[in-house]
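Trainee:
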Amino acid sequence: MFERHKGGELAVLVHIDFDALIEHEERQEFIDLTTSAGVETAALITGKRHTPDPGYFVGSGKAEEIRDCVKEHDAVVVLFNHALSPIQERNLEKLCGCRVLDRTGLILDIFAQRARTYEGKLQVELAQLQHLSTRLVRGWTHLERQKGGIGLRGPGETQLETDRRLLAVRIKLLNRRLLKVRKQREQGRRGRRRAEVPTVSLVGYTNAGKSTLFNYLTEAGVLAADQLFATLDPTLRRVELPGGQAIILADTVGFIRHLPHDLVAAFRSTLQETQEADLLLHVVDAADERRDANIHQVHEVLKEIGADEQPMIEVFNKIDMLPQGEVHIDRDAEDRPRRVWLSAQEGKGLDHLLEVISECLGKEQVHARLTLPPSAGRLRARLFELGQVLFEDTDNQGNWLLEVDLPQQDWLALEKHQQISQFTIHESDKDCLAVIAQAP
80 MFERHKGGEL AVLVHIDFDA LIEHEERQEF IDLTTSAGVE TAALITGKRH TPDPGYFVGS
140 GKAEEIRDCV KEHDAVVVLF NHALSPIQER NLEKLCGCRV LDRTGLILDI FAQRARTYEG
200 KLQVELAQLQ HLSTRLVRGW THLERQKGGI GLRGPGETQL ETDRRLLAVR IKLLNRRLLK
260 VRKQREQGRR GRRRAEVPTV SLVGYTNAGK STLFNYLTEA GVLAADQLFA TLDPTLRRVE
320 LPGGQAIILA DTVGFIRHLP HDLVAAFRST LQETQEADLL LHVVDAADER RDANIHQVHE
380 VLKEIGADEQ PMIEVFNKID MLPQGEVHID RDAEDRPRRV WLSAQEGKGL DHLLEVISEC
440 LGKEQVHARL TLPPSAGRLR ARLFELGQVL FEDTDNQGNW LLEVDLPQQD WLALEKHQQI
500 SQFTIHESDK DCLAVIAQAP
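The sequence shown begins at 80 in our numbering and counts up one residue at a time.
1. Apply the 10 Å Cβ neighbour rule to L231 and answer buried if 16 or more other Cβ atoms are within range, or exposed otherwise.
2. On a Cα-Cα basis, can you pick out the residue from W420, R415, I384, V406 that is closest to V394?
3. What does DSSP give as the partner residues of E471 in its beta bridges?
4. Could you please give me the residues that DSSP links to L364 through a beta bridge?
5. In its own chain, which residues sit with a C-beta less than 8 angstroms from the C-beta of F97, not counting the 5 before and 5 after it?
6. Taking L358 as the reference, which of P452, M391, D364 has the closest Cα?
7. With a Cβ-Cβ cutoff of 8 angstroms, do V156 and E105 count as a contact?
8. At what residues does the alpha helix (DSSP H) containing L123 begin and finish?
9. May I ask which residues mark the beginning and end of the beta strand (DSSP E) holding H407?
10. Taking Cβ to Cβ, would you say W479 is nearer than 8 angstroms to L451?
11. On the CB-based measure, 16 or more other CB atoms within 10 Å of its CB, does L112 come out buried or exposed?
12. Any idea what DSSP makes of A116, helix, strand or coil?
13. Could you pull out every residue in the same chain whose Cβ sits closer than 7 angstroms to the Cβ of E438, ignoring the five residues on either side in sequence?
14. Please give me, in chain order, every unbroken run of the alpha helix (DSSP H) with length at least 4 that falls completely inside the region 120-207.
15. Within 10 Å of its beta-carbon, does K141 have 16 or more other beta-carbons around it, so buried, or fewer, so exposed?
16. Assign R224 to one of two classes, buried (16 or more other C-beta atoms within 10 Å of its C-beta) or exposed (fewer than that).
17. Tell me the DSSP bridge mates of L359?
18. Is the distance from the Cβ of G149 to the Cβ of C177 below 8 angstroms?
19. Going by C-alpha to C-alpha distance, which of S164, V260, Q167, I95 sits closest to L201?
20. Straight-line CA distance for L208 to K251?
21. Per DSSP, which residues does I436 bridge with? Please list them.
22. So who's on the other strand from L527, going by DSSP bridges?
23. I think R146 touches C175, with their Cβ atoms under 8 angstroms apart; what is that distance to the nearest whole Å?
24. Report the three-state DSSP secondary structure of L451 (helix, strand or coil).
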C-alpha cells in the first residue's frame with residue numbers, strides 16, 4: 080500500500096479541459112489548492128479531451144506522459160484537478176508507481192491540516208473514512224487472501240473484509256460522537272434563542288476575506304491568510320450594533336467548486352449555524368475575475384444545506400484592489416439594502432455594514448406607551464435590560480408609565496413571555512401604542 084500524501088512533497092499536477100464549461104481560471108484555483116496543501120509543484124500537465132477515459136481518465140498516451148514526468152522529477156504524488164473513480168486511481172498508481180490523489184482527496188487533505196478543534200477533527204476524519212471506504216481495494220491486492228493458521232480458521236474472512244468492517248465500526252463511532260457535539264451546539268442555539276440574540280453568519284467563497292472581516296468586527300484574532308481554507312473551525316463572537324442591539328457573529332468554513340459531498344455531510348452540524356442564522360452576510364471578493372461564478376457556487380452550496388431561503392446581504396470585499404473602488408450601499412426599488420461595498424483589510428465601510436445589519440434585523444420598530452402595575456417589576460426590568468426605554472414616570476396609583484421603542488421581534492417576544500395584553504391605538508398619537516400591561 081502506498082503511503083498517504085504529506086505536505087511539502089514533490090507533486091505532478093494534472094488539469095484536463097473537457098468542454099467549454101470548464102474555464103481556464105479553474106486551473107489557477109487548482110494551483111492555489113496545492114499551494115494551500117503545502118505541495119511543491121514539479122510540473123503541470125494539461126490536455127484536452129471530449130470525455131474521460133474509463134481506465135486512466137486521461138487516456139493511455141497522456142497517462143504514459145504523466146508516468147515519465149513522475150520519473151523525471153522523482154515526484155512522490157500525482158494530483159488531479161478532477162474527481163477520479165477508484166479504478167482510475169488504482170490504474171494510475173500502478174502505472175506511475177506513486178500515490179495519486181484527485182480533487183476531493185486534495186481538499187480533504189487540506190481540511191485535515193486545518194482542523195484544530197475536537198469537532199473539526201471528528202468531521203474531517205469522518206469525511207476521509209467515507210471517501211476511503213470506496214477505495215480500499217487500491218494497492219491492497221496482497222490482502223485479498225483468506226486468513227489462515229491456528230486461531231484464524233473459520234468463516235474465511237479476507238483482510239479486505241476485515242478492514243471494511245473495522246472502517247464501518249469507526250464511522251459509526253464518529254457519528255455517535257458527532258451526534259453528541261451536535262446536541263451541545265443545539266443547546267447553545269436554544270440559549271441564544273431564549274435570550275433573543277439574533278445570529279448573523281458569514282458565508283462565501285474561500286479566500287474572499289471572511290476571517291479578516293470577522294476579526295475587524297470582533298477582534299477575535301482568527302487566522303486570516305491569503306490562502307484557500309485558512310479557516311476551518313467555526314468561531315462565534317458577540318457584537319454590539321450602533322443602536323445598542325447585540326448579535327452573535329459566526330465565521331464559517333469557505334465554500335469552493337465541487338465541494339466534496341462527504342465534507343458537506345460531515346460538516347452539516349457546523350453549517351447548521353448558517354442554516355438557522357437570522358441573516359447571512361455573503362462575502363464576495365470584488366476584485367476576483369471569477370466573482371460571478373463564485374457567487375453562483377456559494378448559492379448552490381447554500382441550497383444543498385437548506386439555507387438558500389435565509390435573508391442575505393452581499394458584502395463586496397477588497398474594493399481597495401479595484402481601480403475605482405468606493406464605499407457605498409446598493410439598494411433595491413423598495414429602498415432595502417442588498418449590497419455593501421467595503422474593504423475589510425483597510426477597515427473602510429464597516430460602519431455602513433453595521434448600519435445595514437441593524438436595519439435588516441430591526442425591521443419594524445414598535446413605539447409604545449406602557450402602563451405597568453407595581454406587580455410587573457420583572458417586565459420593567461426586562462425593558463431596561465433591552466435598553467429601549469425612552470421615558471419613565473409614575474401616576475397617582477403607583478403605576479409605571481413607560482415610553483419604549485424596540486424592534487418588533489423583541490416586542491412579540493415580550494407579548495409571548497411577559498403576558499402583555501392586546502394593545503390599542505392611542506387616539507391622540509397614531510404612531511404610538513397605548514398598552515396596559517398585566518403582571519405575569
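Think of the CB as a built atom: it goes at the ideal place given N, C-alpha and C, for glycine as much as any other residue.
Mentor: Walking through what the data contain:
1. If you number the sequence shown from 1, residue 231 lands on position 152. For L231, the pLDDT reaches just 49, beneath the cut-off of 50, and the residue's location in the model is therefore unreliable, although a value from the coordinates is still provided. With fewer than 16 other Cβ atoms within 10 Å, it is exposed.
2. As a working note, residue 394 is residue 315 in the sequence shown. Among W420, R415, I384, V406, the Cα nearest to that of V394 is on W420.
3. Counting from one through the sequence shown, the residue named residue 471 turns up at place 392. In DSSP, E471 forms a bridge with L481.
4. Sequence index remark: in the sequence shown, residue 364 carries index 285 (1-based). Looking at the sequence provided, one finds Asp at residue 364 rather than Leu. For D364, which the question treats as bridged, DSSP gives the partners N396.
5. Here residue 97 refers to the residue found at position 18 of the sequence shown. K127, R128, H129, T130, P131, listed in sequence order.
6. For the purposes of this step, residue 358 is identified with residue 279 of the sequence shown, where counting begins at 1. For the residues P452, M391, D364, the minimum Cα distance to L358 belongs to M391.
7. The sequence position of residue 156 within the sequence shown is 77, counting from 1. The sequence position of residue 105 within the sequence shown is 26, counting from 1. Contact flag unset, no.
8. In the sequence shown, counting from the first residue as 1, residue 123 sits at position 44. Unbroken run through L123 is the beta strand (DSSP E), 119-127; no alpha helix (DSSP H).
9. By one-based count along the sequence shown, residue 407 stands at place 328. Run containing H407: 407-410, per the beta strand (DSSP E) assignment.
10. Taking the sequence shown and counting its residues from 1, the one referred to as residue 479 is at position 400. Taking the sequence shown and counting its residues from 1, the one referred to as residue 451 is at position 372. Yes. Within cutoff.
11. For the purposes of this step, residue 112 is identified with residue 33 of the sequence shown, where counting begins at 1. Label assigned to L112: buried.
12. Numbered from 1 along the sequence shown, position 37 holds the residue referred to as residue 116. If DSSP states are grouped into helix, strand and coil, A116 belongs with coil.
13. One-based indexing of the sequence shown puts residue 438 at position 359. For E438, where only same-chain residues beyond five positions count, the Cβ hits under 7 angstroms are P416.
14. 139-152, 165-175, 182-193
15. To locate residue 141, count along the sequence shown from 1; it is residue 62. Buried, because 16 or more other Cβ atoms sit within 10 Å of the Cβ of K141.
16. Looking up residue 224 in the sequence shown gives position 145. Residue placement at R224 is flagged as unreliable, the pLDDT there being 49, under the threshold of 50; a coordinate-derived value is accordingly withheld.
17. The count along the sequence shown starts at 1 and reaches residue 359 at position 280. Its beta-bridge partners are S280, M391.
18. Here residue 149 refers to the residue found at position 70 when the sequence shown is read from its first residue. Here residue 177 refers to the residue found at position 98 when the sequence shown is read from its first residue. Contrary to the premise, residue 149 reads as Val rather than Gly in this sequence. Contact: yes.
19. Locating residue 201 in the sequence shown gives position 122, where the first residue counts as 1. Answer by Cα proximity: V260.
20. Residue 208 sits at position 129 when you count from the first residue of the sequence shown. Residue 251 sits at position 172 when you count from the first residue of the sequence shown. For L208 and K251, the distance between alpha carbons rounds to 11 angstroms.
21. Taking the sequence shown and counting its residues from 1, one reaches residue 436 at position 357. I436 pairs with nothing; no bridge assigned.
22. In the structure displayed, the chain extends from 80 to 519; residue 527 sits before or after that span and is not available.
23. Residue mapping note: residue 146 aligns to position 67 of the sequence shown, counting from 1. Residue mapping note: residue 175 aligns to position 96 of the sequence shown, counting from 1. Contact flag correct, Cβ pair sits at about 5 angstroms.
24. Within the sequence shown, the letter at position 372 stands for residue 451. Reduced to three states, the DSSP call for L451 is strand.
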